[in-house]
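Heads up: the sequence shown at position 445 corresponds to 916 in my numbering, and the numbers run straight through without jumps.
The C-beta atom is built at its ideal place from N, Cα and C for all residues, glycine as well.
Predicted model, so just to flag it, every value in this text is computed and none were measured.
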Amino acid sequence: MSKHWEYPCKLLPLALTLIALTVAAAASASAAEVEKYLPVDPGRGAPATAPAAMRKVLPGSIPNASAADIAARPPVRLGPLTGTSASEYAARKAIAANRAGPSGTPRTPALPSAMGTQGGVKPLTNAPKLAFAGNAQADCVGSTPPKTPSDQAIAIGDGASPIVQINNDCLSVWSPSGSRSLGPKTLQAFAGLPASEAVYDPRVLYDWYNHRFILAFGDSDLIGTSYYNIAVSETDDPTGSWYVYRFQSPTQGNTYNDFIRLGQDRQGVYVASNLFNLSGGVVGSYLFEEWVFLPKSLLYAGALGSSYWYQHGMQAGGQYTDSTQPANIWSPYDNPRAEFLVGSFNINYGGGNCVNGCGGLVVWGVANPFGWINGGPTPEVSGYCCGGTSTYYLPPNASQPGAPNSIETLDTRITGQVSYKSGVVHAALTTGDASWSDLLIYRMFVGLGNEDSRCAGQYQYLCPQINSVTFFDEARANYGGNFAFYPTPQPDLEGNVVTVFNFAGANCAICYLGVAYGMSRATAPGGGWADYGLLLAPGDGPYKFSYWGRYSAAAPSGVGYANNGAVGVPGVGFAGAYVASGGNWATQIGYVAYTAANQP
């Protein structure tokens, strides 16, 4: 049964501050913190030596998740792996929770007014065209502790049941009306794993050019071995058959491949993770990032084998980077010359987790990713550091009524999907602002040039390198003493952007942990939102466990043509978690679009 609210549920009078690129850097960053042109190192790469195991799966033949499946899962879940000890991370979070504002004293949180009031300002954010209840805690992890929080993954295709939603261990397929067409299925069963195997960090995309779904997640025995699981649907019907591949981390053994990320372009699927030592059941120190490039031509044919490439050890400014997000190049009308990846500074920077502040983003390009399969040049990996002017800080944990700083907001990594549309790359992260958290939302143009001369003959002009990154916008969503975190921006075909995020606060009726979104016209000056956004699903009560997933999800929708030949309404679908009654988590799926000229 869908959960209903009277729309609009406005976030008010939470002051949304927009920082355009034209604002002087000194207003938002110090010159020492935002260093231009730091040296970058693309690390080392090699072709895989071990073939990926492959099985063909018909999800409908898999039994739905049961209480027995849930009970068999590992009783201990790993918390946020942040590159430092739990005690040091807690100490840094304490600093973030007591950070002073510009005046040198902590700012007093502002109280939002009641839902639905706008303080004389006309509501501008569009209400969702549809909204319904998605996977909930009972579907995925049961109603008894540990109440595993919900990472979000959603992809929307063009079939009759086009919505694939994944939350931690469970997968469901939904129709646009909100009826469940398939599931919930456990990812363990989907991948042919025992119910006791730990699975984590699911991501899912839709390939609008080839009409396929792409799914990625990790699994580990939590002793010394971890794997990637990559699945692709055989058609545009996610209830039909899938090819499911599984392979170990190719860089080295005894690692835990944490925080899986997923991207795509016309040629390939790109998977990334943060590698940690894993030996004897103990997760140790952070090592470096690992990226894996997989050719779509072989993935979609069920014939990947060992024809995939891995890259590891990327650095910026002499330190290993982490959590870099491969872009989702999703539009069937876009075909850039490289896949792009975007990362912020985090684990090894700014005093650790940017507790002292960091600035800028690192943008990478991968050109000619699969020429080596046919005897040609190896992938061309280039990087650019650093664009942007805003300083970002480790965010404090979010507050809820009666429980200050009680909900994990993670660190300054880019948690949600990075998206590419018509030459513009979209990314967002969470930053500390005095004693609360804000969103930083970026739009940037990446320039390619400087062809590598080793790509000659039939590979000539196939190896461009990044030579510039131009930032159009750095919009800051500031809710004046309340907490916004885990943003995921997604453009539609026109370039309008919807950003979904979590929202919480200490002292208001709508301050229990919920999911919200804001919208920005492609033509808006500075790219900012027209108002303060909408709560898709306000929280119903307190959340009694600190760890709250690590990302929200958004996906392009309505991209193709309808069956009658009419152009569909391009928009954005999204999913987020909120606290339902009883303190359990639940999710809400929504869809929103600009459909008229009088929508600001």
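Is Tyr1022 near Leu1007, with beta carbons less than 8 angstroms apart?
-> no
Enumerate in chain order the residues of its own chain whose CB-to-CB distance from Gly575 is below 7 angstroms, with the five nearest sequence positions on each side excluded.
-> With a pLDDT of 45 at Gly575, under the threshold of 50, the predicted position of this residue should be treated as unreliable, though the coordinate-derived value follows. Hits under 7 angstroms: none found.
By the 10 Å Cβ neighbour count, where 16 or more other Cβ atoms means buried, how is Ser648 classified, buried or exposed?
-> exposed
Taking 7 angstroms as the cut-off, does the CB of Gly695 come closer than this to any heavy atom belonging to the ligand NAD?
-> The ligand content of the structure shown is nil, which means the ligand NAD is not present either.
Starting from the N-terminal side, write out each stretch of the beta strand (DSSP E) that is 3 residues or longer and does not extend beyond the region 661-712.
-> 669-678, 683-691, 697-704
From which residue to which residue does the alpha helix (DSSP H) around Glu851 run?
-> Glu851 -> not in any alpha helix (DSSP H); beta strand (DSSP E) instead, spanning 851-863.
From this set, Asp729, Val675, Pro655, Asn681, which residue's C-alpha is nearest Ser691's C-alpha?
-> Asp729
Taking the CB atoms as reference points, tell me whether Val813 and Ile885 lie closer together than 8 angstroms.
-> yes
Nonlocal neighbours in the same chain, by C-beta distance under 8 angstroms from Arg1072, ignoring five residues either side = Past the boundaries of the shown model lies residue 1072; the chain is included only from 472 to 1071, so the question cannot be answered.
Specify, as a first and last residue, the run of the beta strand (DSSP E) that Gln608 falls within.
-> Run containing Gln608: none in the beta strand (DSSP E); it sits in the alpha helix (DSSP H), 608-611.
What span of residues does the alpha helix (DSSP H) with Lys564 cover, start to end?
-> 557-568
Pick from Gly550, Ala660, Pro872: whose alpha carbon is nearest that of Gly755?
-> Gly550
With DSSP as the reference, label Ile885 as helix, strand or coil.
-> coil
Counted within 10 angstroms of its Cβ, other Cβ atoms place Ala1051 as buried (16 or more) or exposed | buried
For Ser768, the first and last residue of its enclosing alpha helix (DSSP H) | 767-770
Give the secondary structure of Asn806 by DSSP, where H, G and I count as helix, E and B as strand, and everything else as coil.
-> coil
Proximity below 8 angstroms, CB of Leu769 to CB of Met525 | no
Between Tyr779, Pro633, Ile627, which lies nearest to Ser720 when the distance is taken from Cα to Cα?
-> Tyr779
Where Thr493 falls: helix, strand or coil (DSSP) = Low confidence applies here, because Thr493 scores a pLDDT of 24, under 50, leaving its location unreliable; read the following figure in that light. Coil.
Check Leu775 in the structure and name its three-state DSSP category.
-> coil
Per DSSP, which residues does Ser1052 bridge with? Please list them.
-> In DSSP, Ser1052 forms no bridge with anything.
Beta carbon of Gly966, beta carbon of Ser1017: below 8 angstroms?
-> no
Under the three-state DSSP convention, the category Trp762 falls into | strand
Measuring CA to CA, which of Pro1009, Ala1046, Ala568, Gly1004 is closest to Tyr950?
-> Gly1004
Going by beta carbon distance, what residues of the same chain come within less than 7 angstroms of Gly903, once the five residues before and after it are set aside?
-> Ala567, Arg570, Tyr864, Leu865, Pro866, Pro867
Residue range of the alpha helix (DSSP H) that Ala1026 falls in?
-> Per DSSP, Ala1026 belongs to no alpha helix (DSSP H); it is in the beta strand (DSSP E), 1024-1028.
With a 10 Å radius around its C-beta and 16 neighbouring C-beta atoms as the bar for buried, classify Val853 as buried or exposed.
-> Correcting the residue identity first, residue 853 is Ser in this sequence and not Val. With 16 or more Cβ atoms within 10 Å of its Cβ, Ser853 is classed as buried.
Check whether the Cβ atoms of Thr883 and Pro958 sit closer than 8 angstroms, and answer yes or no.
-> no
Kindly say whether Ala624, judged by its beta-carbon, lies nearer than 8 angstroms to any beta-carbon of chain C.
-> Here there is only one protein chain, and chain C is not present.
Tell me whether the beta-carbon of Glu761 lies closer than 8 angstroms to the beta-carbon of His783.
-> yes
Under 8 angstroms, do Gly773 and Asp707 count as touching if we go by C-beta distance?
-> no
Classify Arg914 as buried or exposed, calling it buried when 16 or more other Cβ atoms lie within 10 Å of its own Cβ.
-> buried
Considering only residues of the same chain and omitting the five flanking positions on each side of Thr553, which have a CB-CB separation below 7 angstroms?
-> Tyr560, Ile818, Asn824, Asp882
For the alpha helix (DSSP H) that contains Ala455, what are its first and last residues?
-> The structure shown has nothing for residue 455, since the chain only spans 472 to 1071.
CB Ile912 to CB Thr970, shorter than 8 angstroms?
-> yes
Would you identify the three-state DSSP class for Gly998, choosing helix, strand or coil?
-> helix
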